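**Q**
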Amino acid sequence: MNARHVIDTLTSQGIRLVVEGNRLRYHPKESINDDQVELLKTHKQQIICLLSRPEPTDEASWPDTIDGHALEPCPKCGTLELWENLAGNWRCLRCDPPTRWRKFAAKHGLPTS
Ligand SMILES: [Zn+2]
0 MNARHVIDTL
10 TSQGIRLVVE
20 GNRLRYHPKE
30 SINDDQVELL
40 KTHKQQIICL
50 LSRPEPTDEA
60 SWPDTIDGHA
70 LEPCPKCGTL
80 ELWENLAGNW
90 RCLRCDPPTR
100 WRKFAAKHGL
110 PTS
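Numbering (numbering that gives the first Met the number 0), first residue to last: 0 to 112.
Written as C-alpha cells, this is what we have:
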C-alpha cells in the first residue's frame with residue numbers, strides 16, 4: 000500500500016487528514032484502527048507531501064528542456080505541444096502537425112521516416 004492508497008482508503012471511510020506544518024492529524028480519532036495508525040506513521044512524510052502539495056498539472060510536469068533544446072511555446076498559439084521533425088526543428092503540434100509535414104515532405108521528395 001502506498002501513501003496515495005492510504006489517503007484514499009482513509010478518506011473513503013470518512014476520516015479527514017489534515018497537515019499542520021510537519022504534523023499529520025486525523026479525525027475523528029475513534030474511526031481509525033491501530034493498523035491504520037501504523038500505516039499513517041509508515042507513510043507520514045509522503046502523505047504530508049501529497050496533501051500539502053497541489054496535484055501537478057500537465058503544464059507543470061513538462062520538462063524545461065528536451066535533449067538540451069530549450070522549449071519555447073509556439074509563438075502563434077502558445078502551446079508547448081511540440082514535435083521534432085527529421086531536420087531537428089521543433090514544430091507546433093497544433094499549427095504545424097506532423098501530418099502536414101509528411102505531406103510537405105512527400106511533395107518535395109524529403110525522407111519522412
Ligand atoms: Zn501553434
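The beta-carbon is built from N, C-alpha and C at its ideal position, and this holds for glycine as well. If you're wondering where the values come from, they're calculated on a predicted model, not measured in any experiment.
1. Rounded to whole angstroms, how far is the Cβ of Ile14 from the Cβ of Leu49, which I believe are closer than 8 Å?
2. Evaluate contact between the stretch 27–36 and the stretch 76–93, counting only Cβ atoms and requiring at least three cross-stretch pairs below 8 Å.
3. Span of the alpha helix (DSSP H) holding His107?
4. Quick one: residues with CB closer than 5 Å to any heavy atom of ligand 1, in chain order, please.
5. The beta strand (DSSP E) with Arg52 in it runs from where to where?
6. If you follow the alpha helix (DSSP H) that His4 is part of, which residue opens it and which one closes it?
7. Taking only three categories from DSSP, how would you classify Glu80?
8. Less than 8 Å between the beta carbons of Tyr25 and Leu38, yes or no?
**A** Short version:
1. Not really, about 15 Å apart at Cβ, beyond 8 Å.
2. no
3. Segment: none, His107 is in no alpha helix (DSSP H) and carries neither H nor E.
4. Cys73, Lys75, Cys76, Cys91, Arg93, Cys94
5. Counting along the chain, Arg52 falls outside any beta strand (DSSP E), and DSSP gives it neither H nor E.
6. 2–11
7. coil
8. no
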